[in-house]
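Yeah, the sequence shown ends on 2084 if you go by the working numbering, and it's all consecutive.
One structure is given here, and the rest of the page talks about it.
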Amino acid sequence: MSAIRNLIHEIHRRSIWQVLGIYLVAGWVVLQVVEVLTESAGLPDWTPGFAVVLLLIGLPICLATAVVQEGLPGGERGEGADARRGGDVAPEGDLGSVDAGPTAASVATSIPSRSPLDSGSATQDGSARTGVHRLLTWRNAILGGVLAFALLGVTVFGYFVMWSTGVGPVGSLVAQGVLDERDPVVLADFANTTGQDGLGDVVTEALRVDLVESPVLALVTPSQVGEVLGLMGREPDAELTAELAREIAVREGYKAVIQGEIASAGSAYVISASVVAAESGDVLKAFRETARSDDDVVDAIDQLSQNIREGTGESLRSIRAGEPLERATTASLSALQKLTAAERAEERGDYPAALALLEEAVALDPAFAMAHRKIAVLLFNQGSDGPRSREATLAAYENRDRLTERERYLTEAYYHSRITGDVDAEILAYRNALRVAPDESAALNNLALTLFDREEFEESAELLERAVGGPGESSVAYWNRVRVYLFERDTAGARAAHEEYEQRFPGHTYLGWSRSLLELQVGDSASVHAAVAAQTGDEEAVPFIRSIGWRLAAAFDVSLGRLDEARSHLQEGARFQGAVGLGSQAIQTTLSEAALVTDHLGDTTAAAALVQDALERWSFEDLTPAQRPWAAVIRALAASGGVAEAEDLFERWESELPPDGRPPDFEWDRREASAWIELGRGRVDQAIAAFEALQRDLHCERCYRGQLADLYARSEDLGRAAELWEGMFEEVDDLNTYPRDRALALSRLGPLYERLGDADRAVARYTEYASAWAEADAGLQPRVEEARARAAALTGGTP
């Protein structure tokens, strides 16, 4: 109480201007505290406004109290002030009287002083104060302020009680029991009555970006919607009207639909949304926001999203932990429209159109991180992982503060995957993305692939199953699931997965590749070549995907000993790649032909000629340093006897490719190229050590098995050589080359087991080799006959 007395005593000493200044400063401090608490503690958005109203109400009260208590500036002091002075003022005319009796002043002096807290102190003439003086005291003013902010606290507390218990109009849907956390909810396409094409799509997709961050809502993905539409006999990309969304929700047992509309109101826009019960069609919650102009649309969507998330049951603290949508996307409505249209084009498999739209988006907003990231991903997915892809990856990473938390982690992971090569950092970023959004499709798919490369197969398979069996499903996850089954040589599982993929995403850009890989593992010559012909002849497919088909056909032909046909396929593929501007891939395809000649024919002279032909025909020197396949060329030169040229190229590589233009696997490629140079020099022990170190550091036991197997055989470590060749025969290292690798392993294993004195295994592998190559090229038939003869000799029979 003494502190309050001291405070009031100090206020009594201040003028009205001082009181005003103090009040404004104190009010500003109070508002800052309220703002901080609103953000950090998750108080309702109206809390700061409520505080402003209370401060505005309190301002005239404080000023009136100052006037009553202290008087106006430059005028007489208020009566209350004179009353406090009491015996300091004598009435005029009484100064000369000696026997006139006690003066008013002396009487006042004789009255005991009353506390300033006492609102009933006497006036100068001893009369009681008026009602105004009793009311407008500093004690009452301070007490009123305390009570006002207590009212604010009680109101906020009451709001949270009602929100968390589901009472009244502010009660959340989760608290009311209408929804459970992570219940699937269908987001319908927003109706657009503005007359601007695509604006409804923009609102829908921007809202999806924000709502997918919610730990309470689980939006049904567009691919899931497309699957249901297919089962309903409709086009998978049909417009998802509110009525159709409800029909899907009822069919699938989802409880609610989010639907809405954007409409014009003069130069402004009104965006409304509602959460609707799927079965009854009743509106469970309704929301509306107004954007005064195009520049305010993203802000309005952001506020609408926050209201939906709060209304369904997510805490404001959780909502505000993420970035505002405008920072997470773009302030440019036009750029956002381009991104939305690009994503629709990507869904159709029209990558060129999608990339063109994305380039337009980043031209409108150079800091549009989401668009930059999408450019990088699309370029990589169609085999164009060059300077533009790197530039887009860096731009997205540099502007990652403009992404939502989920998107920021995805961008960091992609940055480490494509720029730094830091696999541990990439894995951590993807795990963080899944912590924020457990059903994030890109994180599920990409983390699965990264773990698979590290041979952590169990968790990889688990992630892919999540990516195809729930809200986090994606088309590429279905594609990679097929590949995982093929890696495990589970052909039945691979076929079932492919059929499911084809049913879910008919016409997807990777389907032809998937079919060819499947036939490559389980089909006969006719089915393989039919699948490859379909893949290479699909003019709607991305050129990079088409070109892979010729390499698959070549790998299959090698497995049958048809090297001439295999070489013809590779040459056709290289011509196609060169014609469509894939010069780097054309060089590598011709180098594959050189490797085939070296591995199966042992003709290093012919192989060297092919390497030189690749460098000249496909203009290695005309490619930018970042586009040149340095490692592949150095390997081919070293393997075909051109080690001196390989060494020169190795030196040029580092000097011509500046640090800021190097791919993420630059150091790994350099180490591999160095190992091949050691091998070309005849330094077997050094080459073995280099390849073994690469295996260890990459956490990949399957990597470089063929190279190490040959090296172990050359160093007379025949047991380890046989073990590695057996691994290549039984397990898949590379789906695109597996039949070729299996044929090479068979050609090596018979002689190895014979040298080891293991006749039974030698006979088995000689027999398998002779059977696989029974219809091999005429020039290879002497090798087939030799294998039969060795098997017969080891069994004591005749070939």
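Here a beta-carbon is modelled for each residue, glycine too, at the ideal position from N, C-alpha and C.
Subject >> Sequence-distant residues of the same chain with beta carbon closer than 7 angstroms to residue 1925, five excluded per side >> reply: 1879, 1883, 1889, 1892, 1893 and 1896
Original post:
Are residue 1820 and residue 1801 close, meaning C-beta to C-beta below 8 angstroms?
Top reply: yes
**OP:** Would you check if the distance between the CB atom of residue 1654 and the CB atom of residue 1687 is smaller than 8 angstroms?
**Re:** yes
**OP:** Would you mind giving the Cβ-Cβ distance between residue 1779 and residue 1770, rounded to the nearest angstrom? I have them listed as a contact below 8 angstroms.
**Re:** 4 angstroms
Original post:
Which word fits residue 1538, buried or exposed, when buried means at least 16 other C-beta atoms lie within 10 angstroms of its C-beta?
Top reply: exposed
Original post:
Roughly how many angstroms separate the alpha carbons of residue 1711 and residue 1446, rounded to a whole number?
Top reply: 42 angstroms
**OP:** Whole angstroms is fine: what's the gap from residue 1914's alpha carbon to residue 1518's?
**Re:** 48 angstroms
**OP:** Going by DSSP, name the residue or residues bridged to residue 1554.
**Re:** 1549 and 1576
Original post:
Residues in its own chain within less than 7 angstroms of residue 1932 by CB, not counting five upstream and five downstream?
Top reply: 1962
**OP:** Helix, strand or coil for residue 2092, going by three-state DSSP, please let me know.
**Re:** Outside the displayed range of the chain (1286 to 2084) lies residue 2092, so it cannot be described from this structure.
Subject >> Start-end ranges of the alpha helix (DSSP H) lying completely within the stretch 1909–1958, minimum 4 residues >> reply: 1915–1924 and 1928–1941
Original post:
Tell me which same chain residues have a C-beta within less than 7 angstroms of the C-beta of residue 2138, skipping the five on either side of it?
Top reply: Limits of the chain in this structure are 1286 at one end and 2084 at the other, which puts residue 2138 out of reach.
Original post:
Just to confirm, are residue 1698 and residue 1682 a CB contact at a threshold of 8 angstroms?
Top reply: no
Original post:
Hey, residue 1920 and residue 1978: beta-carbon distance below 8 angstroms or not?
Top reply: no
**OP:** Drop a sphere of 10 angstroms on the beta-carbon of residue 1450, count the other beta-carbons inside from all chains shown, and report buried for 16 or more, exposed for fewer.
**Re:** exposed
**OP:** Can you tell me which of the three DSSP states residue 1527 falls into?
**Re:** helix
Subject >> Cβ neighbours of residue 1783 in the same chain (closer than 6 angstroms, five flanking residues each side left out) >> reply: 1767, 1799 and 1803
Original post:
What first and last residue would you give for the alpha helix (DSSP H) that runs through residue 1540?
Top reply: Unbroken run through residue 1540: none, as it is neither H nor E.
Subject >> DSSP bridge partner residues for residue 1477 (one or two, in chain order) >> reply: 1547
Subject >> the stretch 1484–1491 contacting the stretch 1499–1517, beta-carbon criterion three pairs below 8 angstroms >> reply: no
**OP:** Mind reading off the beta-carbon distance from residue 1943 to residue 1705? Whole number of angstroms is fine, and I expect it under 8 angstroms.
**Re:** Contact doesn't hold; Cβ gap of about 16 angstroms is too wide.
Original post:
Where does residue 2041 sit, in a helix, a strand or coil, going by DSSP?
Top reply: helix
Subject >> Selection from 1624, 1647 and 1652 that minimises the alpha carbon distance to residue 1639 >> reply: 1624
**OP:** Please classify residue 1559: does DSSP put it in a helix, a strand, or coil?
**Re:** strand
Subject >> Local conformation of residue 2017 per DSSP, three classes >> reply: coil
Original post:
Is the beta carbon of residue 1596 sitting closer than 8 angstroms to the one on residue 1572?
Top reply: yes
Original post:
Along the chain, which unbroken stretches of the alpha helix (DSSP H) at least 4 residues long are found entirely within the stretch 1788–1859?
Top reply: 1796–1807, 1810–1821 and 1828–1844
Original post:
What are the boundary residues of the alpha helix (DSSP H) that residue 1700 is part of?
Top reply: 1690–1700
**OP:** Can you tell me which of 1558, 1700 and 1909 puts its alpha carbon nearest to the alpha carbon of residue 1680?
**Re:** 1700
**OP:** Assuming residue 1540 and residue 1558 form a contact by the criterion Cβ under 8 angstroms, report the distance between their Cβ atoms to the nearest whole angstrom.
**Re:** Wrong, their Cβ atoms sit about 17 angstroms apart, outside the cutoff.
Original post:
So, using beta-carbon positions, are residue 2055 and residue 2072 closer together than 8 angstroms?
Top reply: yes
**OP:** Have a look at residue 1708 and residue 1545 and give me their C-alpha separation to the nearest angstrom.
**Re:** 42 angstroms
**OP:** Take residue 2028 and list the residues in its own chain whose beta-carbon comes closer than 6 angstroms to its own, dropping the five residues that flank it on each side.
**Re:** 1843 and 1844
**OP:** In angstroms with no decimal places, state the Cα-to-Cα distance between residue 1412 and residue 1352.
**Re:** For residue 1412, the predicted model reports a pLDDT of 42, less than 50, meaning its position is unreliable and no value from the coordinates is stated.
Original post:
Rounded C-beta distance between residue 1868 and residue 1904? I'm assuming under 8 angstroms.
Top reply: 6 angstroms
Subject >> C-beta atoms of residue 1983 and residue 1972 nearer than 8 angstroms >> reply: no
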